[in-house]
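Residue numbers (our numbering): 225 to 770.
Structure, as structure tokens:
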């Protein structure tokens with residue numbers, strides 16, 4: 225019981241010690257093995273946690289939560305088929321466990337087993353709306369329905385955040401000389417490595433803003449790039465701290481605004497925002513949509529991802545950036561390596577459609593179109609990132625079912641980011657996915673000079689492509705219907721002059737466009753911070769801000 229209590233308080237290292245002793249005293253109690261595995265999972269010791277969950281189900285084969293824990297770990301380790309079996313075992317014991325079902329469907333999508341859509345339709349009406357809440361990240365890829373997504377996310381958030389402690393009213397009437405901004409993420413070093421944070425911290429106006437970073441994930445902390453460390457007022461590596469300790473540390477830093485950069489992604493501890501970390505709480509970049517809770521005052525978006533009329537989809541008030549919400553670093557390196565088609569196993573004279581995003585975002589809707597394009601554009605190929613063997617096999621099977629030679633699907637191996645950006649130049653057109661667009665991978669393509677064709681959907685995640693293309697000066701590549709998307713792709717693939725004109729425009733003006741103007745992006749963000757804080761200290765309620 226002491227171990228369980230320490231776990232509930234987020235003191236997992238201490239919990240680990242007591243639960244290990246308890247297991248030695250009573251090795252046949254499955255609850256002890258389960259509790260110990262949970263603590264180890266929170267500490268990032270996945271293999272040890274997997275052994276604990278396995279022992280629990282060997283003692284009690286009907287232990288649904290232990291099967292679920294195994295599913296989480298196997299999914300995280302990329303063992304998608306095994307994870308599907310774990311979630312099926314959970315559902316066999318607990319058929320109303322909606323979270324297990326959603327995660328199972330998501331794992332099926334990760335191997336491009338599209339039978340997930342039939343199971344989804346059977347349970348769609350009440351999925352995530354009764355019983356256990358469902359993982360919001362997995363929900364994003366199921367369908368493009370922002371009203372339904374908000375309801376489902378609200379149900380998950382009610383469990384994830386618990387009771388929300390209101391932020392106190394302003395204690396000051398004037399803006400301090402420097403606003404204290406705290407950025408919270410599961411891995412600050414990784415965000416910097418993905419070109420999402422270095423430009424932000426580096427370009428903050430240090431005469432008016434003081435920046436703090438809090439990194440709380442289970443990964444080994446990487447050294448912060450000098451661009452970040454020299455511009456931060458303070459870096460807090462709080463991986464070993466409990467939620468209560470992180471809250472206390474943030475409150476002692478007297479933050480004016482706390483910004484969550486992780487949302488519901490892996491290793492997040494967004495639940496700490498249920499307590500007042502700062503005068504204002506904001507959600508940015510981590511989750512493409514509402515967090516489903518009043519724990520956040522604002523969500524940072526733009527006019528494309530959060531157009532007028534979309535306010536009802538969000539529990540937060542919106543801060544709409546003037547161009548794209550996405551933060552891009554104008555110093556991301558592109559290798560000077562000159563790739564050839566032969567280097568990448570591509571035919572020399574073929575039109576190369578590509579999509580370098582995660583394969584699980586591909587659904588039959590866009591794949592049908594892509595295969596029709598291959599059928600109509602002689603010799604063309606579709607260049608995708610290499611996934612697991614099952615995913616590749618399933619996609620090749622689906623191509624054959626549509627009358628396309630599976631060899632016309634070419635899979636790219638992973639390589640260092642600068643080289644990966646350089647090889648974009650030998651592709652012709654990036655085809656975006658529908659329900660959840662390419663986000664970072666789409667801006668990578670645009671940065672590398674590769675045009676992206678996107679369909680503007682309904683939810684935030686389905687409108688990111690539109691946001692990026694508008695901000696890079698290529699609104700003609702934003703389509704509004706599936707028919708227009710297919711027609712535009714075919715036109716560009718069969719009209720070399722049209723495509724050449726687009727590429728020339730992108731290569732001439734793209735890197736100077738607002739999408740990649742890091743300094744102005746940060747200045748706009750700062751204006752948003754100032755506008756929101758001014759309302760706060762004047763006693764006004766939060767509202768939507770442009």
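Glycine included, C-beta positions come from ideal geometry on N, C-alpha and C.
| field | Any beta strand (DSSP E) of 3 or more consecutive residues that is wholly inside the segment 572-619 | value | The DSSP assignment places complete beta strand (DSSP E) segments of no fewer than 3 residues inside the segment 572-619 at 576-579, 605-609, in order along the chain.
| Near residue 632, which residues of its chain fall below 8 Å by C-beta distance, leaving aside the five closest residues on each side in sequence? | Apart from sequence neighbours up to five positions away, the residues of its chain that approach residue 632 with a beta-carbon distance below 8 Å are 598, 604, 605, 606, 623, ordered along the chain.
| Are the segment 423-440 and the segment 455-474 touching by the rule of at least three beta carbon pairs closer than 8 Å? | With a cut-off of 8 Å, the segment 455-474 and the segment 423-440 count as touching, because enough Cβ pairs lie within range.
| Closest Cα partner of residue 254 within the set 287, 227, 242, 235 | Residue 287 is the option with its Cα nearest to residue 254.
| query | For residue 484, which residues does DSSP report across the bridge? | reply | DSSP, once it has assigned bridges, lists 408, 507 as partnering residue 484.
| request: Below 7 Å CB to CB, which residues in the same chain sit around residue 526 once its five sequence neighbours on both sides are set aside? | output: Non-local beta-carbon contacts of residue 526 in its own chain, meaning distances under 7 Å to residues more than five positions away in sequence, involve 544, 545, 547, 548, 549, 691 in chain order.
| request: Let me know the secondary structure DSSP gives residue 376 once reduced to three states. | output: Residue 376: helix per DSSP, three-state reduction.
| Thinking C-beta only, is residue 335 closer than 8 Å to residue 305? | Against a cut-off of 8 Å, the Cβ pair of residue 335 and residue 305 comes out as a contact.
| request: Using only alpha-carbon positions, find the residue among 612, 759, 312, 303 that is nearest to residue 292. | output: Nearest to residue 292 by alpha-carbon distance, out of 612, 759, 312, 303, is 312.
| query | What is the C-beta distance between residue 483 and residue 408, in whole angstroms, given that I count them as a contact (C-beta under 8 Å)? | reply | Contact flag correct, Cβ pair sits at about 7 Å.
| query | Fully enclosed by the segment 615-652, which beta strand (DSSP E) runs are 3 residues long or longer? | reply | Fully enclosed beta strand (DSSP E) runs of 3 or longer: 633-636.
| said: Between which residues of its own chain and residue 709 is the CB-CB distance below 6 Å, once the five residues before and five after are set aside? | reply: Answer for residue 709: 679, 703, listed in chain order.
| Among 454, 455, 485, 684, nearest to residue 529 - alpha-carbon criterion | Residue 684 holds the alpha-carbon nearest to the alpha-carbon of residue 529 among 454, 455, 485, 684.
| task | May I ask which residues mark the beginning and end of the alpha helix (DSSP H) holding residue 541? | result | For residue 541, no alpha helix (DSSP H) segment is defined; the enclosing uninterrupted segment is the beta strand (DSSP E) at 541-545.
| With respect to the beta strand (DSSP E) encompassing residue 662, which residues constitute its N-terminal and C-terminal limits? | Note, residue 662: premise wrong, no beta strand (DSSP E); not H, not E.
| DSSP state of residue 753, grouped into three classes? | In this structure, residue 753 counts as helix in the three-state DSSP scheme.
| Between which two residues does the beta strand (DSSP E) harbouring residue 467 extend? | Unbroken run through residue 467 is the alpha helix (DSSP H), 467-476; no beta strand (DSSP E).
| Extent of the continuous beta strand (DSSP E) to which residue 459 belongs | Taken as a continuous stretch (DSSP letters only), the beta strand (DSSP E) holding residue 459 covers 458-461.
| message | If I follow the unbroken beta strand (DSSP E) through residue 439, where does it start and stop? | response | That run of the beta strand (DSSP E) goes 433-439.
| query | Which residues share a DSSP beta bridge with residue 526? | reply | Beta-bridge partners of residue 526 (DSSP): 545.
| 8 Å Cβ shell around residue 347 - same chain, five flanking residues per side excluded | Counting only Cβ-Cβ distances below 8 Å, and skipping sequence neighbours, we find 322, 325.
| task | For my contact list, residue 434 and residue 399 are in at a C-beta cut-off of 8 Å; report their separation, rounded to the angstrom. | result | Between residue 399 and residue 434 the Cβ distance is about 13 Å, and since that is not below 8 Å, they are no contact.
| Applying the criterion that 16 or more other CB atoms from any shown protein chain within 10 Å of the CB defines a buried residue, is residue 515 buried or exposed? | Taking every protein chain shown into account, the CB of residue 515 has 16 or more other CB atoms within 10 angstroms, so this residue is buried.
| Given residue 500 as reference, the closest of 510, 636, 480, 376 once Cα atoms are compared | Selected option, being the one with the closest Cα: 480.
| task | Reducing DSSP to helix, strand and coil, say where residue 669 ends up. | result | In the structure shown, residue 669 falls within a helical segment according to DSSP collapsed to helix, strand and coil.
| Taking Cβ to Cβ, would you say residue 327 is nearer than 8 Å to residue 290? | The answer is no: Cβ separation not under 8 Å.
| said: If you measure between the beta carbons of residue 268 and residue 243, is that distance less than 8 Å? | reply: 8 Å or more divides the Cβ of residue 268 from the Cβ of residue 243.
| task | Drop a sphere of 10 angstroms on the beta-carbon of residue 316, count the other beta-carbons inside from all chains shown, and report buried for 16 or more, exposed for fewer. | result | The residue in question, residue 316, is exposed, as its Cβ has fewer than 16 Cβ neighbours within 10 Å.
| said: Quick check: the Cα distance between residue 634 and residue 318, rounded to an integer number of angstroms? | reply: Note on geometry: alpha-carbon atoms of residue 634 and residue 318 lie some 41 Å from one another.
| task | Give me the Cβ distance between residue 422 and residue 553, rounded to the nearest whole Å; I'm assuming they're in contact under 8 Å. | result | For residue 422 against residue 553, the beta-carbon gap comes to about 5 Å, under 8 Å, which counts as contact.
| task | Specify the secondary structure class of residue 351 as computed by DSSP and reduced to three states. | result | In this structure, DSSP gives residue 351 a state outside helix and strand, which the three-state scheme calls coil.
| Comparing alpha-carbon positions, which option in 431, 452, 364 lies nearest residue 424? | Looking only at 431, 452, 364, the smallest Cα-Cα distance to residue 424 is reached by 452.
| Unbroken alpha helix (DSSP H) run spanning residue 230, endpoints | Unbroken alpha helix (DSSP H) run through residue 230: 226-232.
| field | Given residue 455 as reference, the closest of 475, 428, 477 once Cα atoms are compared | value | Selected option, being the one with the closest Cα: 428.
| Any idea if residue 366 is buried or exposed, counting beta-carbon neighbours within 10 angstroms, 16 or more meaning buried? | Flag for residue 366 reads buried.
| query | Looking at C-alpha atoms only, which residue of 768, 673, 695 is the closest neighbour of residue 723? | reply | Of all alpha-carbon atoms in 768, 673, 695, the one lying nearest the alpha-carbon of residue 723 is that of 673.
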